[in-house]
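Since the structure comes first, as C-alpha cells, the remarks are kept for the end.
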Amino acid sequence: MQAVILAAGKSGRLYPFNTFHKSLINVLGKPIISHTIASVKKAGITDIILVSEPNNNFVEILGNGKKLGVKITYAFQKKPEGMGNALLSAAHLIKSDFFLLHPYRAEFAELKEEIDKLRGTNKNAILLAQKEKNLSLYGALILEGETVVGVVEKPKKGEVSSDLRIVGMCFLNQDFIKTLRSVRPHHYNFESALDVFAKNGRVKAAVTQKETITLKYPWDLLGIKNYFFKKLKRHISKKAEISKQAKIIGEVFIEDGVVISENAIVKGPVYIGKNSFIGTNALVRHGVDIEKNAIIGGFSEVKNSLIQEASSAHSGLIEDSIIGKNCKIGALFATANVRLDRANIKVQVKQEKIDTGLKHLGAMIGDNCIFASRVSIMPGVIVGNNVSIGPSTTVMKNIPSDSIFYTKFSEIVQKNKSSKTNKDLF
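Take the sequence shown: its position 198, counted from the start at 1, is 182 in my numbering, and no numbers get skipped.
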C-alpha cells in the first residue's frame, strides 16, 4: 500500500505564512508534514510518494524518510496546475492502490479507519466526506446511499442539495488514474475525473463525524495547534532551567535549554521549544505554542497563540494570535481578540472579507517584523512580512509586506504665559 501526499501549490490564501510551503510551518517543534508522515506510518503505510514543486525544502528537511521510519520518493509538479496534474506527476511511481492526501492530514490514522470499512475488493474509489454548511469553498458530493453519483466543485448557493464535502483524503486505484488521463487537462480535472468515475458507479463515500483538520487560511494554524494539544503529555526536560518560584500547571511540554524565570506561570496545554526564555512574572496559558529560541519577556501574558522560532516579545498581551519567525516586539504590545459587538471576526483575504466563524481571533503577523513600544492591533488584522510599525500606533487594517507603518505625531511646545513658575504649578 502506498500513500501519495500532494504538497505543491502556492497557498496564496495563507498569506503571510506562504513564503514557503504551508506544511513546513512548525507546530510543536516540527513541520506539520512531519506530523502527517508520523500518522501515515501509524496507520501501517511506510511507502510514501511526495509531490511538490521543484526547488523546495522538502528533500532537505525530510530526506528519504529513513529518520522518520518510512521511505519517501519524490515527484515534481513543474507548475501549480491543480490536484489532477499533481497526481499525474507521480503516476509513474504508483505501483498499487493508494491513499491520496494533503500534507496537513495529521489525523490520517484515525480517518483511514473510516475508509477501511468500505474498501472491500478495492475496485471502487472511496472519498472521505463530512457535512458542511457552506459548500462554496469545497468539492460537493451528491449521494445515493453510500454511492457517489456526482461531484461538483465549489457549487454556487442552491446549485446542489447535498450538504457533504470532500475532506481531502481518499482511496484510489489504477483505473482512476486512467480516467484522470482521459479527462481534458484543466485546474479542476481531478474533480472532473471523480465525477466521471462516480457516474460509472465506482465511487463510495465514507462520511465521518470525527474531527478533521483544514489549512486554507492563516487562522487555521490555531486549529491545527489545538488538535495536537489534545494529545499532549506533560514532559519537562532535565536540561531545562526552571525557577523554584515558577509554577508549571497541567499538560506542559518543555524542551531542552528552556529557561523559566521567577514567578512565571505556565498553564497547559503549552509547548515551549528548545532554548526559549520565559521572563519574570510572565503568564503563558491555555494553548500556547512557543517554538525554539523564542523569548517571552517579563510581565507578558500569552494565551492560545502560535509563536514561531526566534521571535521575542517584551511586556504586553498576545491572545489568539500567530507570530512569524524573527519578530521583535516592543513593550506594552497588545492584540485585541474580540469585537466590541461580539460578532464573528471577519478577515480581509485578498479582495474578500472572510467570516472566520471565530468570536476570538487576534493578529496574524508574518516573519521579520519589528514593533516599537505601545503598538495595538485590532482583531483579525494581518501584518505582512518585513514590516516595521512605529510607537503608540493602533493597527486597524491589514499591512502589506515590506512596509513601514506609523502614527504621525505633532509636537507642540508653547510658552507658559502664566506668571506662575513650574514649581508653583506642581
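Note that beta-carbon positions come from the ideal geometry of N, C-alpha and C, so glycine has one too.
Residue environment, residue i, which counts as buried when at least 16 other CB atoms sit within 10 Å
i, result
"residue 43", "exposed"
"residue 327", "exposed"
"residue 298", "buried"
"residue 397", "exposed"
"residue 391", "exposed"
"residue 378", "exposed"
"residue 292", "buried"
"residue 149", "buried"
"residue 15", "buried"
"residue 118", "exposed"
"residue 185", "exposed"
"residue 199", "buried"
"residue 363", "buried"
"residue 352", "buried"
Residue i - DSSP class collapsed to helix/strand/coil
i, result
"residue 422", "This structure cannot speak to residue 422, because the chain is shown only from -15 to 410."
"residue 6", "helix"
"residue 391", "coil"
"residue 26", "helix"
"residue 45", "helix"
"residue 175", "helix"
"residue 180", "helix"
"residue 31", "strand"
"residue 115", "strand"
"residue 219", "strand"
"residue 16", "helix"
"residue 77", "helix"
"residue 305", "coil"
"residue 66", "helix"
"residue 152", "strand"
"residue 83", "strand"
"residue 131", "strand"
"residue 101", "coil"
"residue -7", "coil"
"residue 214", "coil"
"residue 193", "coil"
"residue 198", "coil"
"residue 1", "coil"
"residue 165", "helix"
Which residues DSSP lists as bridging residue i, in chain order
i, result
"residue 323", "Answer is none; residue 323 lacks a bridge partner."
"residue 187", "109"
"residue 137", "123"
"residue 54", "For residue 54, which the question treats as bridged, DSSP gives no partner whatsoever."
"residue 89", "Residue 89 is not bridged to any residue."
"residue 146", "Residue 146 is not bridged to any residue."
"residue 312", "296, 354"
"residue 36", "60"
"residue 318", "301, 360"
"residue 11", "14"
Proximal residues to residue i (C-beta, below 6 Å), its chain only, five neighbours per side dropped
i, result
"residue 252", "234, 235, 236"
"residue 89", "20, 153"
"residue 25", "53, 54"
"residue 201", "-3"
"residue 361", "319, 347, 379"
"residue -13", "24, 29, 32, 83"
"residue 48", "56"
Own chain residues within Cβ distance below 7 Å of residue i, not counting five before or after
i, result
"residue 316", "299, 300, 357, 358"
"residue 213", "253, 271"
"residue 382", "332, 365, 366"
"residue 303", "287, 288, 289, 319, 321, 346"
"residue 409", "Note on residue 409: pLDDT 47, under 50, position unreliable in the model; no value is reported."
"residue 342", "203, 328, 329"
"residue 172", "66, 137"
"residue 376", "358, 391"
"residue 115", "147, 148"
Neighbourhood of residue i by C-beta distance below 8 Å, restricted to the same chain and skipping five residues each side
i, result
"residue 61", "-8, 35, 36, 37, 69, 70, 73"
"residue 401", "none"
Residue i Cβ short of 6 Å to the ligand HEM heavy atom set
i, result
"residue 144", "With respect to small molecules bound, the structure shown includes none, and the ligand HEM cannot be examined in it."
For a minimum of 3 consecutive residues, which ranges assigned as the beta strand (DSSP E) are wholly contained in the region 222 to 294? Correct list: 231 to 233, 236 to 238, 249 to 251, 254 to 256, 267 to 269, 272 to 274, 284 to 287.
3-residue-minimum beta strand (DSSP E) runs that sit fully inside the region 323 to 400, ordered along the chain: Qualifying beta strand (DSSP E) stretches, in chain order: 330 to 333, 336 to 339.
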